[in-house]
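Here's the structure we're looking at; comments come further down.
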Amino acid sequence: MKNRKRFLPRALAISGLASAGPAWSDLALNMTPGVTAMSREIYDLHMLTLWICVVIGVGVYGVMVYSILKFRKSKGAVPAKFTHSYTVEVIWTVIPALILVLMAIPAARTLIRMQDTRGSELTIKVTGFQWRWQYDYIDDGVRFFSTLKRDSNAARKLGSGIDPNTVEHYLLDVDNALVVPVNTKVRLLVTASDVLHAWWMPAFGVKQDAIPGYINEAWFNAETEGVYRGQCAELCGMDHGFMPIVVRVTSRDEYNTWLSSQRTQTSSLAQAQ
Amino acid sequence: MSTGTPRNPANADATRAAADDALRAARARRNGWVLGLLALAFYVGFMIYTGIEGPR
Amino acid sequence: MSSTAVDTHGHGHAHDQHDAHHGPRGIMRWITTTNHKEIGTLYMCFSLVMLFIGGGMAMLIRLELFQPGLQFFNPSFFNSMTTVHALIMVFGMIMPAFAGFANWFIPLQIGAPDMALPRLNNWSFWLLPFAGIMLLMTLFMPGGGPAGGWTLYPPLVLQTGDAFPFAMFAIHLLGVSSILAAINIIVTIMNMRAPGMTLLKMPMFTWTWLITAYLLLLAMPVLAGGVTMLITDRFFGTSFFSAAGGGDPVLFQHIFWFFGHPEVYIIILPAFGIVSEIIPTFARKPLFGYAAMVYATASIAFLSLVVWAHHMFTVGMPLGGQLFFMLSTMLIAIPTGVKVFNWTATLWKGSLSFETPMLYALAFLFLFTLGGFSGLMLAMVPADIQYHDTYFVVAHFHYVLVPGALFGVFAGTYYWLPKMTGHMYDETLGKTHFWLTTIFVNVTFFPQHFLGLAGMPRRIPDYATQFTDFNMISSIGAFGLGLSQLLFVYVIVKCARGGPKASAQVWEGAHGLEWTVPSPAPHHTFDEPPVVK
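Following this line, the structure appears as C-alpha cells:
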C-alpha cells in the first residue's frame, strides 16, 4: 500500500505521455534485440513481420477509412450494384499467399538454425521445481538451486508493506545465478520434476518448456558479458510468478574461478552428507 | 397447421413443428441420432485409440 | 445470393399468427419451453449474467495487477480467477450468446417454424445454468477453485483440491450442452429450410453457424475425452498424462489444442456471420463475393483442424512438426484475408449509415484485423518463441475475442433487438455504449502488446517494477470497460420495456426472411413455410 504515494506522479506521467519525453524513456515498447546472434535474428524477423503487417494495415485500413468517409448516405451516396468480381478476388487471394511465402522463408531458416544444437562446448541440465530452478553442470559435477532472492520474497508477500520499488531487481533476482562463459555455445537440457515450467531468457532468444519425463534441448551463445534476467513462462502453480531466472555471463577466466569454487562447495556438501 | 387442432398445452410447441410434416420431423430426429452417436463414437473411440496407440 | 426474394402471401400475418402462448405460466413456462425464441432469450440472458460474472473476475485480476506487489489476493486465488474467468467467458458467455442468436434467428432466416428438435433444445439450454453454478461453486471449495489455467494442463491441474471433479464435471456438462445445440442446429438447417431456400441462398449467419456446428461436433468430443482421461488419471489410477506412470504430459496439450484451436473459430465464426449480415444492411449493398465468403469460412474451419500445435511451439517438437504447423497457421491468413477484403469491398461504393450495429461491425472489422495481424506474427515460430506465454499473446487473443467475438455479440444484439422486443433501442445510449466500449477496449488491451514484448509473462499476479505504467493504463481501461457494460444492460432493459415501435423491416437496407415477420416476432412464425424465389 505504501506505493500509493507513487501513484500520482505516475498517473501524471501517463497522462502526459505524448509531450513528456522522460516518461517514455523507462517504458519499453518493443522487443529488445538481445545479446546472441539468435536473439538478434528473432528480433529482425519480428521487425520484418511487424513492418509487413504495418504496410498491409495501412492499405486495408486506408480503404476502410476512405469508404467510411466517402460513401456516406448522409452525403447522398448511392449504392452500387456489383456483387462480386472474380478478378479482384483472385488477386487478393494470390498476393497474400506470395507475401506469406516471403515471410515463411526467413522464418524457416532461423528455425533450422535454432534447432541445431551441435558443437556445444558446455552442457547444463536445467530442472524446474515448484518453485525454483536447479542447474546441473553435468560435466563438471556442479549442481545448485536457484531461488527468488530474499528481499524480493519478503516484499512480494500479501500485505508485506514493503514498496516493491525500493527492492532492487524486484522479482527478477535470485540467490544463485546461472554462470556461463562468454562466446561459448551452451547447450541446455531442460526438464522438470513436478509440473510444467518454461525456462525463458529473453536476451538470449531461448524459451523451452520444462516437462516431466522429457529432456528438451536448447542452446545459446552469449556475446556480451553481463547479468541477464528472465522468468518462468509456463503456469506452474501458486508461485509461478516468483521463480525468476538470472544468468551471469562472464569471461572465461572468471567462469573457471567460479567453477572451481563451486566444485569445492559441492564436494564439501557431499562429504557432509 | 390450423389453430383449431387440439393440442396438449405442455407439448404445444414441440408438436407443432412435428405435426406440420411428420416425415420431415422423423428424418430430423434420425439425423439427430446419427450425429449424436457420431459424437459419442468419436469421444469413446478417441479415448480407446489414445489408450492403445498413444505415445508412451 | 444472400438476399432473397420472398413471397409473403403464403404465410399471412393477415390471418392468425399463433401469437398466443399456450403452455404453463410463470417460471414453469421458461423451464418447460420448447419455443426457439424463448430458448434463445434464455440463452442470451444467461450469457449476459455470465458476462458480468466473468467480467467481474477480470476486474479483480486487473485490480491486483494495478501496481506491483500483492495488495489484495494471494497468488492461488489470482490463478483461480484467471482460470475461471477464461472458462466462464468462453463456455458461459460467448458460446451461449451465439447459441441464443442461433436459436432466435436460424429458424427465422431459413423459414422454419422452430428448431428441428425442440425438446433437445430445452435440455441443451438447461444444462448450462447447472454447469455454470457448479463451476462457480468450485471457488468456495477447500483448496480453492481450479487454478491451473483454462488449458487444464496436467500435471498442474491434477494438484487442484476438492474442486477438481466438480470443475471437470462442469466442463463435461458444458460440452454436452454445446454438442446437443450443435446437433440441433445442423439438423434444423439440413431439414427445415423453406422451399426454395437452397444452401447457397442461406444468409451468412446461418452458414457460419452450420460450419461452426460441425466444428463443435468434431472438437468437443475430443475435449471431453481429454477431460475424462484427466479424471481417470486422478481417481482411477490410469497414467495417460503422468510421466512417472509411462504416460505423456504433452499428449494432453495435443488433445486440448486439437479441441482448443477449432474452439477459437467456433467462437469467432458466428461473429463473422453477424458482421456479414450487418455490413450489407447498413451499406445498402449486397455482401461482396457471397460464394467466396462461404468457401472462405469453410476453409478456415478445415484449416483450424490442422494448426493446433502452434500453441505448443516451445514444448520441444521436431523441426518438421514446427515447420508444418507454422505453414498451416500462416495459410489461415489467406481465407481470413479474403473475408476482411470482402467486407471492405462491401463498404466500397455503398451508401453507409452508422447506427449502433454498424458501428460495432466496423469496429470489429478494424480491431479483429489488428488481432489477425498479431496472430500472423505469432505464427512465425522463432518469433513465437519470444512471444509465447507473454502478455503479447494475452493482447492478441483478447483482440480477437473482445473486439472480435464480443463485439459480434454486441452488434447482433443491437441489430436484432428491435426484432426481438418490437421496440427501437435508444440510439444515443447505444452509440455512447459503443464509444465507451471501443475506447476502453483499446486502453485495456493495446498496452498489453508492449508489456509482452518487454518481457512480462502471462498468468502472474505480481510483476517487476518496470512493467508498472502499462499495467496501470491497462487496469484503468479494464475498470472503464467493465463499468460501461452497465449501460448495455440499461439499453436492453429500456428497449424491452418500451420505445418507438419497430417496423417489420426495422432497417432500411435489411433483407432476408427474418425481416418479413412483424416486430416483435410472434411466438410462432412460418407455420406455413414461405416460398423463397
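Protein chains in written order, with numbering that gives the first Met the number 0: chain A, 0 to 272; chain B, 0 to 55; chain C, 0 to 532.
Ideal Cβ placement from N, Cα and C applies to all residues, glycine included.
| Item | Value |
| --- | --- |
| For a test of your reading of the model: does the CB of Met200(A) fall under 7 Å from any non-hydrogen atom of the ligand MG? Yes or no. | Looking at this structure, you won't find the ligand MG or any other ligand, since it has none at all. |
| Could you spell out the range, first to last residue, of the alpha helix (DSSP H) harbouring Asn30(B)? | 21-52 |
| So, helix, strand or coil for Gln133(A), using DSSP? | strand |
| In chain B, what lies closer than 8 Å to Leu119(C) by C-beta? | Gly31 |
| Output yes or no for whether 8 Å exceeds the beta carbon distance between Gly110(C) and Pro528(C). | yes |
| Tell me whether Met357(C) is buried or exposed, calling it buried when 16 or more other Cβ atoms sit within 10 Å of its Cβ. | buried |
| Note down the Cα distance separating Ala22(A) from Val156(C), rounded to an integer number of angstroms. | Low per-residue confidence applies at Ala22(A): pLDDT is 41, beneath 50, and the placement is therefore not dependable, though the value from the model is reported in the following sentence. Between Ala22(A) and Val156(C), the C-alpha separation is close to 41 Å. |
| With respect to the beta strand (DSSP E) encompassing Trp218(A), which residues constitute its N-terminal and C-terminal limits? | 215-219 |
| Pick out whichever of Trp347(C), Phe165(C), Thr33(C) has its Cα sitting closest to the Cα of Thr227(C). | Phe165(C) |
| If you check the beta carbons only, do Phe143(A) and Asn164(A) fall under 8 Å apart? | no |
| Do you know how far the Cα of Leu64(C) is from the Cα of Asp461(C)? | 6 Å |
| Which residues of chain C have a Cβ atom closer than 8 Å to the Cβ of Lys206(A), listed in chain order? | Thr313, Ile384, Gln385, His387, Asp388 |
| Indicate the three-state DSSP secondary structure (helix, strand or coil) for Leu16(A) in the structure shown. | Here Leu16(A) scores only 42 on pLDDT, less than 50, and its place in the model should not be relied on; the value that follows carries that caveat. Leu16(A) falls in the coil class under three-state DSSP. |
| Taking one C-beta from the stretch 463-477 of chain C and one from the stretch 54-72 of chain C each time, how about it: are there three or more such pairs within less than 8 Å? | yes |
| Would the stretch 245-259 of chain C and the stretch 267-282 of chain C be scored as touching if the rule is three or more Cβ pairs under 8 Å? | no |
| Tell me the rounded alpha-carbon separation between Ile41(A) and Pro32(A). | 8 Å |
| When you compare the CB of Ile299(C) with every CB in chain A, is at least one pair closer than 8 Å? | no |
| By Cβ distance, which residues of its chain are closer than 7 Å to Asp247(C), with the 5 residues on each side in sequence left out? | Phe240 |
| For the beta strand (DSSP E) that contains Phe128(A), what are its first and last residues? | 121-128 |
| Given a cut-off of 8 Å, decide if Val492(C) and Ala503(C) are closer than it, judged by their beta-carbon atoms. | no |
| Determine the chain C residues that contact Met242(A) at a beta-carbon separation under 9 Å, and present them in chain order. | Within chain C, no residue comes near Met242(A); the closest Cβ sits about 10 Å away, beyond 9 Å. |
| Just how far apart, CA to CA, sit Arg23(B) and Val186(C)? | 11 Å |
| In the DSSP assignment, the beta strand (DSSP E) including Phe145(A) goes from what residue to what residue? | Checking the sequence, you will find Ser at residue 145(A) rather than Phe. Element bounds for Ser145(A): 141-145. |
| Does chain B have any CB closer than 8 Å to the CB of Met419(C)? | no |
| What are the boundary residues of the beta strand (DSSP E) that Ala197(A) is part of? | 196-200 |
| Of all the CB atoms in chain A, is at least one closer than 8 Å to the CB of Phe287(C)? | yes |
| Beta carbon of Ala394(C), beta carbon of His309(C): below 8 Å? | no |
| In whole angstroms, what separates the C-alpha of Arg155(A) from that of Trp149(C)? | 25 Å |
| From Val337(C), Glu354(C), Leu179(C), Phe445(C), pick the residue whose C-alpha is nearest to that of Thr86(A); which is it? | Val337(C) |
| Quick test of the definition: if touching needs 3 or more C-beta pairs under 8 Å, does the stretch 282-292 of chain C touch the stretch 80-95 of chain A? | yes |
| Report yes if the CB atom of Ala115(C) is closer than 8 Å to the CB atom of Asn73(C), and no otherwise. | no |
| May I ask you to report which of helix, strand or coil DSSP gives Asp425(C)? | coil |
| Taking its Cβ as the centre, do 16 or more other Cβ atoms sit within 10 Å of Val54(A), making it buried, or is it exposed? | exposed |
| Excluding five sequence neighbours on each side, which residues of the same chain lie with their C-beta closer than 7 Å to the C-beta of Thr443(C)? | Ser473, Gly476, Ala477, Leu480 |
| With a threshold of 7 Å on Cβ separation, who are the neighbours of Phe45(C) within its own chain once the five nearest residues in sequence on each side are excluded? | Pro95, Leu127, Pro128 |
| Terminal residues of the continuous beta strand (DSSP E) containing Arg247(A)? | 243-249 |
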